[in-house]
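J.: This is the structure, below, for whatever I ask next.
Chains as they are written, first to last, in the numbering used here: chain A, 13 to 286; chain B, 299 to 762.
What follows is the structure, given as structure tokens:
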């Protein structure tokens, strides 16, 4: 447990990308939990209309226990209000604050600064394989188009956990669904980088979930989708999706399950035709 | 196909046949599944707005939280032209950060009867218009101590007066229903609380509003309110995504900035008695309860424990902050919250803390109008003129929604309305109160239709 210090944060100096200005040492440092001095950030910046992104450096003082999102919001509040970053819940439930931190996909709110190396600036970039909005924000339209293709409404209807039977007169225990729709897997996927029609890990995991727990749904369309060229068979088993998933969805394992069902379904249909 | 035919984003209702979701296509069609899905999402029918008076008046909403989103939906349904601006991502203020609790009203029944009635009313409406967005898991109010036992009579009577249904459970029955509870509990009351996704319920309002023509612009910060004399004529905004400033004209500007309402109002030279009252919340790893667990006592710190997917969220505390942007996560509060909630659900004490954060409630620092004390109709009470603000702090304040038409201020300002207070559960009611004021100022008799219109799923917000 690492609660942040209640003490108001000390002022810190922002630095531009050209000159590095040493921040002024605050006179009243907290004796018990001193702020980690001078954390350096290397942040990707791009406004709409810019041909390509550039990096800007910031040096700020952060509270012990602070997350990357805390630091980004502190930069936005005190140094550059124009920094565009998506966020909402602050506890890895909403999936909005996905970025690449030192080249690796992660939720900014779920990444403590103390877990990152200190010898180099912390590099923060927007998610890949998605349309840029500005700075660190990307548009999730393509991600949701893929999820909807994998029959999101069916997935949602199958959310209720089998193992938790609600007592009499309670309608449902639901939301055991792990996927928080953050898009980290799509960003990390090497296939999605080169093939924009590839349906991607989250959607395949969603399809696998529907197939594994069909309830009373017709699985035909979901299996047909998975059998398409840019779907379950396009994956080359890089397993990056499972490595970056902040919510233990394990799309790679789900994909293997899905392939088994697709193959069995294909064989059944082939035999039925004969 | 109407929205009623489409399963919700967590839909337990009868799902539509899959063909409706993804229409079949001829063999060897060139379009990808993704392209088809985009086309299918665009074809979801939204409820028709009423015929607008021509030309429809333009309302500009400041603030993309639950209230602003619900207001955009309400006004768009009434046929008005709507633009909403939000300085960050939508729901990035207080809205996304709350527990994710759909209140039954039981928590407020003993301290704020009007708020409790609003909660149970809206609880029923939201379940109807957001099918699938709620875990219909109910809540428990758990008595642990002699003081809690003494509180029982007051609690039950207050819930009865507010029409919040309660059911008494003995110790064994409560433990059967929720095995994660402290086994030393005395008894519990079951109430129709529920858990929800703090971001995705407001997104459904915004998705539906946009489908009906509302223009919702995230990353667009209001830097000035443009005025002609004491009449507000629009706003000047900074588009952080494009890096440029521009003006938006409006017939009426509505300030729905939550705990930032006083700061936004000051841009128009208007005083609004809204303060930021933050509370600390803590998320721990593991799903230690399946129901919303409350302590059976007057609302206090660390007395709500609820499940969010595979984590458990506990909270909260309460104080008054000077600046809603600079919210400390007070270490003492974290300890207090974990200790108090562990008294209800012992597993919380042993669980790994995965996140601690603060969220600011927008509290109206004005005495409840006399009409409100009689439990008047929501509209009458919400629009009653405010009396001068007294000093107050935290939980002592009325938590009610209030709508200020600044044309009735001591120094009148025309064309400017503030909606403030309330809770996440009452977002639709806040929107209705504000939209009624807006329509009455515009001289339009357009009825509110949001109680019956089923909202689009949250994923529709992200459709191209």
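Idealized CB from N, CA, C, for every residue including glycine.
Suppose you measure from the CA of residue 595 of chain B to the CA of residue 441 of chain B; what does that come to, to the nearest Å?
T.: Residue 595 of chain B and residue 441 of chain B: Cα-Cα distance of roughly 8 angstroms.
J.: So, are the CB atoms of residue 743 of chain B and residue 102 of chain A less than 8 angstroms apart?
T.: Contact: no.
J.: Give me the subset of the region 611 to 639 of chain B whose CB atoms are less than 9 angstroms from a CB atom of chain A, sorted by chain position.
T.: Here the close residues are 611, 623, 624, 626, 627, 628, 629, 630, 631, 632, 633 and 636.
J.: Going straight from the alpha carbon of residue 609 of chain B to that of residue 526 of chain B, what length do you get?
T.: Computed Cα separation, rounded: 52 angstroms.
J.: Could you tell me whether the Cβ atoms of residue 150 of chain A and residue 139 of chain A are closer together than 8 angstroms?
T.: Yes, these two residues count as a Cβ contact at 8 angstroms.
J.: Starting from the C-beta of residue 368 of chain B, find all residues in its chain whose C-beta is less than 6 angstroms away, skip the five residues before and the five after it, and write them out in chain order.
T.: If we look at residue 368 of chain B and ignore the five residues flanking it on each side, its Cβ neighbours are 503, 725, 726 and 729.
J.: Cα separation between residue 203 of chain A and residue 739 of chain B?
T.: Computed Cα separation, rounded: 56 angstroms.
J.: What first and last residue would you give for the alpha helix (DSSP H) that runs through residue 288 of chain A?
T.: Look at the range of chain A in this structure, 13 to 286, and you will see that residue 288 of chain A is not part of it.
J.: Pull up the distance between the alpha-carbon of residue 556 of chain B and that of residue 245 of chain A, whole angstroms please.
T.: Whole-angstrom Cα-Cα distance: 48 angstroms.
J.: The alpha helix (DSSP H) that contains residue 475 of chain B, what's its start and end?
T.: Per DSSP, residue 475 of chain B belongs to the alpha helix (DSSP H) from 469 to 475.
J.: For residue 457 of chain B, I'd like the list of residues in its chain whose CB is within less than 6 angstroms of its CB, leaving aside the five on either flank, ordered along the chain.
T.: Contacts found: 404, 407 and 464.
J.: Judging by CA-CA distance, which residue of B/587, B/620 and B/656 is the nearest neighbour of residue 644 of chain B?
T.: The candidate whose alpha carbon is nearest that of residue 644 of chain B is B/587.
J.: Taking the beta strand (DSSP E) that residue 618 of chain B falls in, what are its first and last residues?
T.: Careful: residue 618 of chain B lies outside any beta strand (DSSP E) and carries neither H nor E.
J.: Can you tell me which of the three DSSP states residue 545 of chain B falls into?
T.: Note: residue 545 of chain B maps to strand in three-state DSSP.
J.: Could you confirm whether any beta carbon from chain A is found closer than 8 angstroms to the beta carbon of residue 574 of chain B?
T.: Chain A contact via Cβ: absent.
J.: For the region 434 to 463 of chain B, which residues have a beta carbon sitting closer than 9 angstroms to at least one beta carbon of chain A?
T.: From the region 434 to 463 of chain B, only 434, 435 and 436 have a Cβ closer than 9 angstroms to chain A.
J.: Please report the straight-line C-alpha distance between residue 104 of chain A and residue 585 of chain B, rounded to a whole angstrom.
T.: Answer to the nearest angstrom: the Cα atoms are 14 angstroms apart.
J.: Determine whether the beta carbon atoms of residue 388 of chain B and residue 552 of chain B lie at a separation below 8 angstroms.
T.: It is not a contact, given that the beta carbons lie outside the stated cut-off.
J.: Buried or exposed: which applies to residue 487 of chain B, given that a residue is buried once 16 or more other Cβ atoms fall within 10 Å of its Cβ?
T.: Label assigned to residue 487 of chain B: buried.
J.: From this set, B/745, B/750 and B/629, which residue's C-alpha is nearest residue 78 of chain A's C-alpha?
T.: If we check each option's Cα against that of residue 78 of chain A, B/629 comes out closest.
J.: Mind pulling the chain A residues with CB within less than 7 angstroms of residue 760 of chain B?
T.: What residue 760 of chain B touches in chain A: 152, 153 and 156.
J.: In chain A, what lies closer than 8 angstroms to residue 496 of chain B by C-beta?
T.: Going along chain A in sequence order, the residues near residue 496 of chain B (Cβ under 8 angstroms) are 100, 101, 105 and 106.
J.: Can you tell me which of A/243, A/259 and A/196 puts its alpha carbon nearest to the alpha carbon of residue 216 of chain A?
T.: Taking only the C-alpha atoms, the option nearest residue 216 of chain A is A/243.
J.: Taking only three categories from DSSP, how would you classify residue 407 of chain B?
T.: Reduced to three states, the DSSP call for residue 407 of chain B is coil.
J.: Against residue 655 of chain B, what residues of chain A qualify as contacts under a CB-to-CB distance less than 7 angstroms, listed in chain order?
T.: The contacting residues are 102 and 103.
J.: Any Cβ of chain A within less than 8 angstroms of the Cβ of residue 608 of chain B?
T.: Closer than 8 angstroms to some Cβ of chain A, the Cβ of residue 608 of chain B qualifies, so yes.
J.: Put residue 371 of chain B into one of helix, strand or coil per three-state DSSP.
T.: Residue 371 of chain B: helix per DSSP, three-state reduction.
J.: Which word fits residue 532 of chain B, buried or exposed, when buried means at least 16 other C-beta atoms lie within 10 angstroms of its C-beta?
T.: So residue 532 of chain B counts as buried.
J.: Please return the same chain residues whose Cβ sits closer than 7 angstroms to the Cβ of residue 469 of chain B, not counting the five positions on each side in sequence.
T.: The answer, listed in chain order, is 483, 484 and 485.
J.: Are any of the Cβ atoms in chain B nearer than 8 angstroms to that of residue 41 of chain A?
T.: Low per-residue confidence applies at residue 41 of chain A: pLDDT is 39, beneath 50, and the placement is therefore not dependable enough to give any value.
J.: Count the other C-beta atoms from every protein chain shown that fall within 10 angstroms of the C-beta of residue 481 of chain B, then say buried if there are 16 or more, exposed otherwise.
T.: Under this definition residue 481 of chain B is an exposed residue.
J.: Look at the alpha carbon of residue 136 of chain A and the alpha carbon of residue 57 of chain A, and state the distance between them as a whole number of angstroms.
T.: Each residue's Cα considered, the two are about 10 angstroms apart.
J.: What does residue 475 of chain B touch in chain A if you count any residue whose Cβ is under 7 angstroms from its own?
T.: Those within 7 angstroms of residue 475 of chain B in chain A are 179.
J.: Assign residue 510 of chain B to one of three DSSP states: helix, strand, or coil.
T.: Coil, per DSSP.
J.: What distance in whole Å lies between the Cβ atoms of residue 212 of chain A and residue 201 of chain A, which are believed to be in contact at a cut-off of 8 angstroms?
T.: Right, their Cβ atoms sit about 6 angstroms apart.
J.: Less than 8 angstroms separating the beta-carbons of residue 716 of chain B and residue 570 of chain B?
T.: In this structure, residue 570 of chain B lies closer than 8 angstroms to residue 716 of chain B by Cβ.
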